[in-house]
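Shown next, in structure tokens, is the structure this report addresses.
Below, the structure written as structure tokens:
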């Protein structure tokens, strides 16, 4: 669906909120998820934007989904805070815990936020950006569903396990990256299938565990991690850190929990915050700026650049969206 | 140098210690570095083993190197401990801080150890293994020298920036990985050059920032990160987290600091420890074992497997080493 119209941010927030509330989601979750999806849409991350709204119907129909979730942070230690998402959307639980996370890291230098039992909401970068807005370094990760074979394997075991990182910069938007640890996203592979195009070598395996460039075979078989055995190891680390370490499901268990409902994955989410002031002392910011200058000196872009450019355009001209998608959302608003 | 003899561990420890002490290194550093290098040799990580001993002469001749370093941990907060390596080898400083790190993580769930001003010693996995031996999850990273171009760039800016992770397992050695975030190690590229062989596409760039398969051109030009823009982003994160975040040099500054001495890189090292008991509660271990079972079910190996097999053989038959290297070390022992 090409983006062919531009609308003000508030109109899109209202559209998303109306949709969610009309299906019985409580207001706190509705506001939180609408904000996250519109943020992604605003920054040109269309795959993580409003096109996710229709799919939330499947998630909200999952027998365990909780439209009335009202999560609250629980302090586990001076460094650790936990929020049980109560089987609602994870984003509200993460937001409800983020002030405590920031408070802990700002006091003793490091903090950990464990979000449990949340249905996957959208990208992680809006959350790590909020940590960076408090002058802290943010790191986040979560499992998904067991679509990805480990390096040397033949079958799905690991999730697409995204990793997001934010580094605060004075007077500038933070350095932020957020990507799946699979070679390509599931959406990208599906797009190739829908367009009748082959995918590159290295994206996935067929049902027999053999390399294939047929996207349909990969979707029925197994995706591959990015970067060979190294990416596979990092995806495994994420599986462990955002799974058992925080007492939550891994990708295989999340997929079992779905039980064919085609809901969003339901799992934990790990957020870490670090205080450069406490850990590194004076001059941390200037040190990092020398690194970023080394990127621009050689014409290498920083990973968040495109999002920030889109954000500026959206603020000036409105947020790009597909009129067909708008129509679909409106027609499905109860 | 092929490994053609096997010697008992204690003989190799004595050999390495004699070498280091004979060049004026104090006993605490000598014992620590000898232990680290013999551990690597024992586990078949020959590139990080005893072959590094002759090169320590260059490091110890660096005008800022401190043969008398006697680092001590300083508690920064209930979560953070710092050890100034005092411009000696980093391994002693890391060891001197690791008990405090484990104590903090064991008390409040997470701990951070910042090692500053250490000359690079060898691999990181022996350190994260020690964290795992205490029942904690370990993570470590450091910059090196600015040999690696960022994705989309043309010139060295990032280090080969290793990342090491350990997950404790009951009754089994931990799950451990440790790898450079460059596509290949510098030693591997040099080996290709010495053998007159081309390197694969994607390992590096020539002095003009163009792709090349000539290893000599890459060593004079720039290496590339593993996994394209994702690996590049992770290498950048390591540069920031184990650099400015802990108030220490990044790879570019470490290289400037070397000033042609051809010493080991001098930089900071970040270690994190997490307590599954405090953060995740009961059942963490069983959860993780389900993941590891998913590897063996499909014949995928865990990253530490080869090291553990070599360790068993070394314990039974002695540690493999090259007689030519032994001779070189003995002839250079003052």
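Protein chains in written order, with this note's numbering: chain G, 1 to 334; chain V, 1001 to 1334. For each residue, glycine too, the CB sits at the ideal point set by N, CA and C. Note that the structure is predicted; figures quoted are calculated from it, not measured.
Pairwise C-alpha distance: residue j and residue i
i	j	result
residue 235 of chain G	residue 259 of chain G	23 Å
residue 1210 of chain V	residue 178 of chain G	27 Å
residue 262 of chain G	residue 238 of chain G	23 Å
residue 157 of chain G	residue 304 of chain G	30 Å
residue 327 of chain G	residue 51 of chain G	11 Å
residue 115 of chain G	residue 270 of chain G	6 Å
residue 3 of chain G	residue 278 of chain G	45 Å
residue 1197 of chain V	residue 87 of chain G	56 Å
residue 1120 of chain V	residue 1146 of chain V	14 Å
residue 111 of chain G	residue 104 of chain G	5 Å
residue 1129 of chain V	residue 1031 of chain V	18 Å
residue 70 of chain G	residue 82 of chain G	14 Å
residue 1108 of chain V	residue 1274 of chain V	9 Å
residue 1084 of chain V	residue 1066 of chain V	12 Å
residue 307 of chain G	residue 1256 of chain V	34 Å
residue 1253 of chain V	residue 140 of chain G	28 Å
residue 1142 of chain V	residue 12 of chain G	44 Å
residue 1097 of chain V	residue 249 of chain G	33 Å
residue 162 of chain G	residue 1228 of chain V	16 Å
residue 1046 of chain V	residue 1310 of chain V	11 Å
residue 192 of chain G	residue 199 of chain G	7 Å
Residue from the options whose Cα sits closest to the Cα of residue i
i	options	result
residue 1333 of chain V	V:1019, V:1013, V:1012	V:1019
residue 1125 of chain V	V:1048, V:1001, V:1143	V:1048
residue 1230 of chain V	V:1315, V:1070, V:1100, V:1182	V:1182
residue 1166 of chain V	G:176, G:169, G:240	G:240
residue 1106 of chain V	G:8, G:79, G:207, G:233	G:79
residue 1176 of chain V	V:1292, V:1058, V:1195	V:1292
residue 1068 of chain V	V:1090, V:1084, V:1024	V:1024
residue 1280 of chain V	G:16, G:77, G:312	G:77
residue 37 of chain G	G:58, G:233, G:9, G:73	G:9
residue 1131 of chain V	V:1299, V:1101, V:1193	V:1101
residue 1093 of chain V	V:1264, V:1028, V:1014	V:1028
residue 1312 of chain V	V:1044, V:1265, V:1012, V:1099	V:1044
residue 1302 of chain V	G:152, G:118, G:73	G:152
residue 218 of chain G	G:53, G:249, G:186	G:186
residue 171 of chain G	G:57, G:133, G:53, G:17	G:133
residue 148 of chain G	G:251, G:213, G:188, G:72	G:251
residue 72 of chain G	G:300, G:173, G:113	G:113
Under the three-state DSSP convention, the category residue i falls into
i	result
residue 1068 of chain V	coil
residue 1232 of chain V	helix
residue 331 of chain G	helix
residue 1189 of chain V	helix
residue 223 of chain G	strand
residue 1089 of chain V	strand
residue 1303 of chain V	coil
residue 38 of chain G	helix
residue 1284 of chain V	helix
residue 1117 of chain V	strand
residue 1124 of chain V	coil
residue 1201 of chain V	coil
residue 1210 of chain V	coil
residue 1023 of chain V	coil
residue 1164 of chain V	strand
residue 136 of chain G	coil
residue 290 of chain G	helix
residue 141 of chain G	strand
Proximity test, residue i beta-carbon vs the ligand FMN heavy atom, cut-off 7 Å
i	result
residue 1233 of chain V	With respect to the ligand FMN, the structure offers nothing, as it holds no ligand at all.
Sub-8 Å separation of residue i and residue j beta-carbons
i	j	result
residue 319 of chain G	residue 64 of chain G	no
residue 135 of chain G	residue 168 of chain G	yes
residue 160 of chain G	residue 190 of chain G	no
residue 322 of chain G	residue 60 of chain G	no
residue 295 of chain G	residue 1150 of chain V	yes
residue 1207 of chain V	residue 1224 of chain V	no
residue 137 of chain G	residue 265 of chain G	no
residue 123 of chain G	residue 40 of chain G	yes
residue 55 of chain G	residue 89 of chain G	no
residue 6 of chain G	residue 317 of chain G	yes
residue 53 of chain G	residue 16 of chain G	yes
residue 220 of chain G	residue 154 of chain G	no
residue 33 of chain G	residue 91 of chain G	yes
Three or more C-beta pairs below 8 Å linking the region 1312–1332 of chain V and the region 277–289 of chain G | no
Any chance the region 267–283 of chain G sits against the region 241–248 of chain G, with 3 or more Cβ pairs inside 8 Å?
-> yes
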